[in-house]
Structures are given as structure tokens and as C-alpha cells.
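Residues 374 to 909 (our numbering) are what the sequence shown spells out, left to right.
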Amino acid sequence: MAGSEADRRLGRSVLIGLVVVGVISLLAPFLTYLNEVRETQRLLRVRVAREASVYAEALAFHFGTLEHELERLASRPQVDLLDENLQPERELLEFTHHNSPFFSAVLFLDGSGLPVWSEPRGVLPPGSRAPDRWFQRLLRTGRPVVDALEPGSRSFVVGAPVLRGGRISGAVVGLVDASKRGLPGGRATTEETTLVVSSDRGDVLLPADPPSWTSTAGFPQRLHALLLSNSPETTELSGRPAYAAAANVGDTGLQLLLVAEEAPMLTPVRWRFFWQMLLVLVAQALTVVLFSWFLRRTYLRYREMDERLAQREKLAALGQAASLIAHEVKNSLNGMKAAASMLASDGDRTLPVKAMRGQIDRLSHLASSLLQFGRPANAQLSLTPVGQLVADAVESLRVLPEAEEVEVESELDTTLEVRCDPLLLATALDNLLRNAMEAAVSAKDLGRQARPRVRITTRRVNGAVQVQVEDNAGGPPPGFEAGLFQPFVTSKPRGIGLGLSMARQAVERQGGSLAFERTATGSRFTVQLGLGTTPS
């Protein structure tokens, strides 16, 4: 059992070690993944802010070019919207802006916003006015304007005033269809990023098919807040984690918003983390397999060496036991030889006969002890009066030579009954009493005790029965308690060290316990068994 417990402890220790190493090896890729995610997010914010600024500058430059082109057209001497001759304006538009690479349409408006001429024809229905919001701003400021053609329109309008005699006589206007004319940044909408260009009133001009979240009620306010913050922010405009940055398109009054979703950018990072973890797990599995094979091989070798060592210790113990047995038999034979010599002479034969009986009893006890130690009996429990059993054990030891020199005191409760095996309990009590008597006589022979005494008591304690055997022999040598119940370990000059080992074995096979304690004058051994009940 001790070996099995040691094996389990070793297995648990190895398992805990492998788990700790596995956790550490998994922690490194995980921390690397977290650091890479944070760095990717930081770079994504920087990228969104930089690209939003670049797109805004590119659009501002493009619209500035369109404004300059219209201002150049408005300053041509042929353009006079106050006269009634439209031929010069017509020829100018047909010559310079037929299939214009800049505009989808170019037209002249008079001072009230009515169309005078357009290229191509029919851009604005006859009699329709230009929308007041951008045309009135052009008249009010006298400067070029860039705006949506009308609320909800997907077309830009770029207008420049026509000045004659220091006053505005009309305007030359260019229309830019964002869905047909390529604009800088107009292809920024991809799976990863979405570019939105809107007017200061929230009209979305780009892209041609704007995302649904641009039509929500709070979109203009959120765009304005981004412009004020002047830094990229985490947002969920599209319902998914994303980063957004906004910038003004020069002084045109347009606003540019760039939104980059986080998921497509982090997908490669997550896949790298997945493959790293898979590689680590495979490596760990291979390590565990190889380590288990190595550990099993080492453990088998260890068990083989341990078995060899146990065999050697067993042989050494058997050799020691054989030496002790031979010594005990030799002493008994010498005593019997001396008694036989005394019988050969004429004289009193009582002492020789008694000595021979004592030696024969010692050899019989030795043989019985060896047989019982080699083949321990199975317990056959029955309800037994413990007081009578103890009294019989004391009486059976009266034949020992030491019995005449030892005072045996008994304090027995004859009403107590225990559920035990009478033969096994008698064996245990016989060994305890014999051991106590021999120890007490040895103490007298050595001059340590003038009056050897053994005391045996029975009593009820907390629902159990205790049988105590106490002597005044001074107790075993200091530090001897650890090996007190081990077989073939003894501190007596005579004996082979099986008595206490057999006593504990006999008691424990009945579900009881045998304990030792040192007293002021000697030793006390306590047998504890379950209390029996009297059958009805």
C-alpha cells in the first residue's frame, strides 16, 4: 500500500509538472497574440487617420482644380449673361466642354438662377431654378461653391460667379456625377474600408450606394463629433467594431468620413494565433507521449531495482531471523542439556524437569509464532466475554519460568463482551503478556527493578472495549518506538522480535487497533475492539 501511495504521489507530481509546463507554453503564444492585436489596432487607428487626411486633401485639390476651371471659363470675354445674345456662350460650351473630362454637364445660370444654356442640353428643365441653398450662397459670397445639387442628390455641383462691371450677372456651374466620374478616393470603399463624403447638412454624395447607417437620425451629429475630436475613434456605426476618422474637404464645406472595420484586419492575426496554438498543442502532445514512454521505462527500471533491493532486504531479514532462531534454539537446547545432566545424577529432579518444560514451552512458542506469522489466519468473529478470555490467557502463562518472579495484577470487567475472533485475540494477549513478563524479569536481572510487576485491565471507553497490559520494566530503549511493531526487531537479549508484530497483526485483522505508550515506570500496550451486544 505504501508503494502504491508513493506511486500515486509520483504520478500526481509528474502530472502537475506537465500541466504547469503546458500552461506556460500556452501562455506565451496567448500573450504574443494579445500584444499583436493591440499593435494591429494601434496601426489601424493611425492608418485610418492618415488615409482620411490623404483622401480629404486629394478631394480638396480636385475640387479646387474644378473651381479654377470654372473661374477661367467665367472670365472669358465672350461670356456676358446680361446681353440677349447666347451664341457666344453656346459656342464656348460646345467647343470647350463637349464631353468634358471634368464634368458630366456644364451650364450658365442668369442672376435669378434660371438656366441660360447647358452642355449637354436639358440638364435642368426649362424654367426650373437652381436650388437656393448653394446658389444663394454663391451670390452672397461671390466665391465658388461646392455642394450637393439638391437634398438627397448623388451629384456634386461646382459653381463660379460670372462678374461683369463689378457685379454678379450669373454663374457658370459644373455638375459631377460621383457614380460616373472618377474622383480621388472614390474607390476607397472595399471589404475593409468605407469612404463617405457628405455635405455639411448630412447629404451623402459618396459612395453612389451609401451604407444604411448613413441614413440614421444621429449620423450628422456623430460625424460632427468626429470632426471636432480630430482623432480616430472606435465606433460601431456599421453594427460591427470599427475605427472611424473624419476630415474637412478643404474649404468646400464637404466632410469626409473613413470607416475601417476591425474584423478583416484582425483575421490574419487570429489565424496566426490559431496555427501557433495548434503547433504548440501538437508539440505538447508529442512531448507528453515521449515523456510518458520515457517515464514508464524509467519507472519499470525503478520498480525492477526496487524489487531487487526488497529481495535483498528480505534475504537479509531472513538471514537475521534465521540467526535469531538458531540462537534461541541453541539456548533452549543448552538449557535442556543441562537439565538432562542434572537428571542423570541422583538428587531432586523437580528443578530439572521444570527447566526442561520451560525450554520445551519456549521452543513450542517459537514454532507456533513462526507458523502464525507465515500463514496468518482469517478472522472468525463471534460475541466473546473479554474478561474470561483475558483470565484464561493469564492462567495459561503460569507455566512460564518467569511467572514465579512476576507479580501479575488483573482488573477485569466480566460483563464486557466484544465481537472478535477468540483465537486471534488470545494469541495477541498471549504475546503481549509474555513480552511484558519477560521484560519485567530482564529488568530485575539487570538490577533496574526489584519487584517486577505486570498489570492487565479491561474497561469500556466511548463505545469500545480496551484491554491494557502495563509493566514496570522501564520501557524500550529511547528511539526504539519507530520499529517496535516491525517483525524480527527486538531489544531483548532473548527473542526473535515476532511477538508485538504478531499481536498487532492479530488485532488489526479483527478491525481493532494496538497502541503503545511509555509510562513513568515502563510500557503500556492498549488493545481496542468494538463493543459487542448481548444476543437476545
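Note that CB positions come from ideal geometry on N, CA and C, so glycine has one too.
Fair warning: this is a prediction, and the values are worked out from it, not measured in the lab.
### Query
Taking just the CA atoms, how far does G848 sit from R826?
Distance from the CA of R826 to the CA of G848, rounded to the nearest whole angstrom, comes to 13 Å.
#### Entry: P488 - containing beta strand (DSSP E), residue span
Looking at the DSSP string, the run of the beta strand (DSSP E) that includes P488 is P488 to E492.
### Query
What residue does the alpha helix (DSSP H) around R509 start on, and which one ends it?
Before going on, a small fix: residue 509 reads as Gln here, not Arg. Start and end: D505 to T514.
### Query
Around the C-beta of A375, are 16 or more other C-beta atoms found within 10 angstroms, so that it is buried, or is it exposed?
Confidence at A375 is low in this model, with a pLDDT of 46, below 50, so its placement is unreliable and no value can be given for it.
### Message
Can you look up A752 in the DSSP assignment and give me helix, strand or coil?
### Response
Here A752 sits in coil by DSSP.
### Message
Applying the 10 Å Cβ sphere with the 16-neighbour rule, what's the burial state of V840?
### Response
Classification for V840: buried.
### Classification of R807 by the beta-carbon crowding that lies within 10 angstroms, buried from 16 upward
Buried is the call here.
### Query
So, is A503 buried or exposed, given that buried needs 16 or more other C-beta atoms within 10 angstroms?
Buried is the call here.
### Contacts around P908, its chain only, beta-carbon distance under 6 Å, and the 5 residues preceding and following it disregarded
Model confidence at P908 stands at a pLDDT of 37, short of 50, so the residue's coordinates are unreliable; what they give is reported in the following sentence. Cβ within range, chain order: n/a, list empty.
### Task
Could you pull out every unbroken beta strand (DSSP E) segment of at least 3 residues lying fully inside the segment 799 to 837, listed in chain order?
The segment 799 to 837 contains these whole beta strand (DSSP E) runs: 826 to 834.
### DSSP state of E890 mapped onto helix, strand, coil
Correct three-state label for E890: strand.
### Query
What do you get for A598, buried or exposed, if any count of 16 or more other CB atoms within 10 angstroms of its CB means buried?
Exposed.
### Query
Along the chain, where does the beta strand (DSSP E) that runs through A551 open and close?
Element bounds for A551: n/a, residue is neither H nor E.
### Task
Report yes if the CB atom of R510 is closer than 8 Å to the CB atom of V518, and no otherwise.
Yes. Within cutoff.
### Query
Taking the alpha carbon of R420 as the point to measure from, which residue in R506, V632 and L439 has its own alpha carbon closest?
Nearest option by C-alpha distance: V632.
### Task
Determine the extent of the beta strand (DSSP E) in which P534 is found, giving its start and end residues.
S528 to R537 is the extent of the beta strand (DSSP E) around P534.
### Query
Residue range of the alpha helix (DSSP H) that A776 falls in?
It is not in any alpha helix (DSSP H) - A776 carries neither H nor E in the DSSP assignment.
### Query
Do you know how far the Cα of E523 is from the Cα of I541?
Take the alpha-carbon of I541 and the one of E523: they are about 22 Å apart.
### Query
Are there 16 or more other CB atoms within 10 angstroms of the CB of E457, so buried, or fewer, so exposed?
Answer is exposed; the Cβ neighbour count stays below 16.
#### Entry: Beta-carbon contacts of G623 that lie in its chain and below 6 Å, excluding the five residues immediately before and after
The residues A433, in chain order, have a CB closer than 6 Å to that of G623 in the same chain once the five nearest residues on each side in sequence are set aside.
### Query
How is T911 classed by DSSP in three states: helix, strand or coil?
Residue 911 is absent from the model: the chain starts at 374 and stops at 909.
### Message
Looking at the secondary structure, which residues open and close the alpha helix (DSSP H) in which F481 lies?
### Response
Counted as a single uninterrupted DSSP element, the stretch harbouring F481 is not any alpha helix (DSSP H) but the beta strand (DSSP E) occupying residues A478 to D483.
### Query
What is the rounded straight-line gap between the Cα of S604 and the Cα of A422?
One C-alpha to the other measures close to 7 Å.
### Query
According to DSSP, what are the bridge partners of R643?
The partner list for R643 (beta bridge, DSSP) is empty, contrary to what the question assumes.
#### Entry: Where the alpha helix (DSSP H) containing A766 begins and where it ends
Counting along the chain, the alpha helix (DSSP H) containing A766 begins and ends at V759 to S769.
### Message
Looking at the secondary structure, which residues open and close the alpha helix (DSSP H) in which V880 lies?
### Response
First-last of the alpha helix (DSSP H) with V880: G872 to E881.
#### Entry: Inter-stretch contact (C-beta, 8 Å, three-pair minimum) for the segment 615 to 630 and the segment 433 to 452
Touching, per the Cβ criterion.
### Query
Roughly how many whole angstroms lie between the Cα atoms of A581 and Q628?
Their Cα atoms are separated by approximately 16 Å.
### Task
Determine the closest residue to F508 out of E409, L568, V577 and V535, with distance taken between C-alpha atoms.
Comparing Cα positions, the closest option is V535.
#### Entry: Straight-line Cα distance separating H441 from L466
Approximately 16 Å, taken between the alpha carbons.
### Message
So S572 and D505 are supposed to be a Cβ contact under 8 Å. How far apart are they, rounded?
### Response
No, S572 and D505 are not in contact; Cβ-Cβ is about 14 Å, not under 8 Å.
### Message
Closest to T413 by C-alpha separation, out of D483, L399, T640 and G591, would be which residue?
### Response
A check of alpha carbon separations from T413 across D483, L399, T640 and G591 identifies T640 as the nearest.
### Query
In chain order, what residues of the same chain have a beta carbon less than 8 Å from the beta carbon of A837, not counting five sequence neighbours either side?
Apart from sequence neighbours up to five positions away, the residues of its chain that approach A837 with a beta-carbon distance below 8 Å are Q901, L902, G903 and L904, ordered along the chain.
### Query
For A375, which three-state DSSP category applies?
At A375, the pLDDT of 46 sits below 50, so the modelled position is not reliable and the matter cannot be decided from this model.
### Query
When you compare only the Cα positions, how much space is there between F529 and L497?
Roughly 14 Å between the two C-alpha positions.
### Task
Quick one: which unbroken beta strand (DSSP E) runs of 3-plus residues sit fully inside the segment 581 to 652? Chain order, please.
Qualifying beta strand (DSSP E) stretches, in chain order: 606 to 608, 615 to 622 and 627 to 634.
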